[in-house]
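In this note's numbering, the protein residues as written are -16 to 572.
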């Protein structure tokens, strides 16, 4: 895997195999390719040798014709010419294999490293970044755009580099018969380069539009599938189909526009004119006695080699253009500035559990302040209930503790140390957040519970499940803890998903436990058992509970009332019921 040489802050960084230059798509691709130098060497030797040996056929056929036209031709000499042609083409076949093999190895390796580099980079991005991204577009970039980088090398660069050598053959062979024969291939190459430059100038923005429209179409598909329950529940299938149809039409139109540009590629016309002009020029020189018929045949044969670079340029350069467009989209993601840094040199001690908010203000990008001037001190081992109306900033507050987000102003302190001065991994390993919207992976029940502690034993997993009141329903499954649940746990009920999330938290034994309305989808009977489990789990650790349930609020040591991003009141349940109108309003609704 690889990472950038630029000083790009990263929430998480990993040891890399080599570094890459992300200052531009060209430099980034070259910095990947240079590490494939053995395969590059093989590919370039194969490309050069293949082109050189391609000229052997017309040259020796021309010599054979010259010999045949003599009064007494030498059959042995003609035979040697035939052997040279046959042997050279056998060797050419091996060289062509080396070229194709080399570029294919380069393409597959670069796709692997680019895919790994992008994946590591995305994992290292902050939640601020991910909250602003479309999952569908991210998937398009991580799959199709990365694959376009592969195709850029094979068949893209493979055919381009292999064919460019063929342009040189007529320039070298022609003057060996007569110096004037350099004129036609030289004129063709100049016009070919001009036409190619004009072609790519028009094509590049179109291929960028193709890749962008594909990402938007993929984004629309992802959103529709993720929200399929809402779509069907609202009977909006036709509206969604219409929206997706529009994205599909935009992608189709951009692809058609690309095809139209490719169909107007001028070098095909130039090739026909060049072949006619070259043959006519050679025949004039033949008529004037400067060259013989064998020279005409050999020259025209080498001139026909220009057909290979002309034909492959119809799609090879389009593939390279698509690859660069994909690389540009990938770099846009990787070069997006991160808001958080890992701070590997920071504190990594065991957490005691003291939490303090000092003059904290925070807002999401493009919004008003979600939290304003928050000041609160929580002692180690305390249980704090956080209550407030929807949108009062409860979840935003607790996510500042593990640096899911960073404060705009003020400080969040854990054990008296600013969270930005902690080693991020050490900080998060000791904090567990259970949210209302529980995310579970398409893996076994055991793997989901042990996600935060990969080396946990089966006995530890079972014990955590029992504490979370999950063991009973897990054992009701046919395969028990080996049961594979669907993506996001959609095969489970809301209560089952939340109990698995509780088991995951209990297993890691965090020093700070945060429950974000985590029992909202649990029935009353199960809730009573889980309450007891949470109560036991809260002993000895700092626990923050976001809830409206009076049963959870009552046994909190401290209750924090938030209103419109500010602290409205702090105290016990009895105190707040007497003095806080905001608190009274919560229970009167």
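Yeah, the Cβ is synthetic: ideal placement off N, Cα and C, and Gly gets one too.
DSSP beta-bridge partners of residue i
i           : result
residue 427 : 467
residue 184 : According to DSSP, residue 184 bridges with nothing at all.
residue 344 : 392
residue 554 : 542
residue 357 : 343
residue 330 : 405
residue 549 : 546
Anticipated Cβ contact below 8 Å, residue i with residue j, distance rounded
i           : j           : result
residue 540 : residue 378 : The Cβ separation is near 21 Å, so there is no contact.
residue 148 : residue 199 : Not a contact, Cβ separation roughly 40 Å.
residue 30  : residue 145 : 5 Å
residue 250 : residue 205 : So it is not a contact: roughly 40 Å between Cβ atoms.
residue 359 : residue 543 : 6 Å
residue 468 : residue 448 : Not really, about 14 Å apart at Cβ, beyond 8 Å.
residue 43  : residue 86  : No, residue 43 and residue 86 are not in contact; Cβ-Cβ is about 29 Å, not under 8 Å.
residue 128 : residue 194 : 6 Å
residue 496 : residue 428 : So it is not a contact: roughly 21 Å between Cβ atoms.
residue 189 : residue 244 : 6 Å
residue 241 : residue 183 : Contact doesn't hold; Cβ gap of about 12 Å is too wide.
residue 265 : residue 274 : 7 Å
Residue environment, residue i, which counts as buried when at least 16 other CB atoms sit within 10 Å
i           : result
residue 21  : exposed
residue 62  : exposed
residue 228 : exposed
residue 124 : buried
residue 177 : exposed
residue -11 : A caution first: residue -11 carries a pLDDT of 38, below 50, which makes its placement in the model unreliable, though a value can still be read off. Classification of residue -11: exposed, given that the 10 Å Cβ count is below 16.
residue 9   : exposed
residue 350 : exposed
residue 59  : exposed
residue 565 : buried
residue 167 : buried
residue 479 : buried
residue 332 : exposed
residue 522 : exposed
residue 525 : buried
Span of the beta strand (DSSP E), counted from its first residue to its last, around residue i
i           : result
residue 525 : 525 to 529
residue 497 : 495 to 499
Where the alpha helix (DSSP H) containing residue i begins and where it ends
i           : result
residue 304 : 299 to 317
residue 370 : From DSSP, residue 370 is part of no alpha helix (DSSP H) but of the beta strand (DSSP E) over 366 to 371.
residue 324 : Residue 324 -> no alpha helix (DSSP H), and no H or E assigned at all.
residue 485 : 477 to 491
residue 71  : 58 to 106
residue 415 : No alpha helix (DSSP H) contains residue 415, which is instead part of the beta strand (DSSP E) from 414 to 417.
residue 336 : Counting along the chain, residue 336 falls outside any alpha helix (DSSP H), and DSSP gives it neither H nor E.
residue 264 : 250 to 270
residue 34  : 20 to 37
residue 149 : 141 to 160
residue 274 : Element bounds for residue 274: n/a, residue is neither H nor E.
residue 534 : 533 to 537
residue 288 : From DSSP, residue 288 is part of no alpha helix (DSSP H); its letter is neither H nor E.
residue 8   : 8 to 16
residue 119 : 118 to 123
residue 461 : Element bounds for residue 461: n/a, residue is neither H nor E.
residue 448 : 441 to 450
residue 247 : Unbroken run through residue 247: none, as it is neither H nor E.
residue 133 : 129 to 134
Which of helix, strand or coil DSSP assigns to residue i
i           : result
residue 383 : coil
residue 401 : strand
residue 218 : coil
residue 376 : coil
residue 559 : helix
residue 567 : helix
residue 421 : coil
residue -9  : Note that residue -9 scores a pLDDT of 45, beneath 50, so its modelled location is shaky and nothing firm can be said.
residue 453 : coil
residue 55  : coil
Below-8 Å beta-carbon distance, residue i vs any chain B residue
i           : result
residue 192 : No chain B appears in this structure, which consists of one protein chain only.
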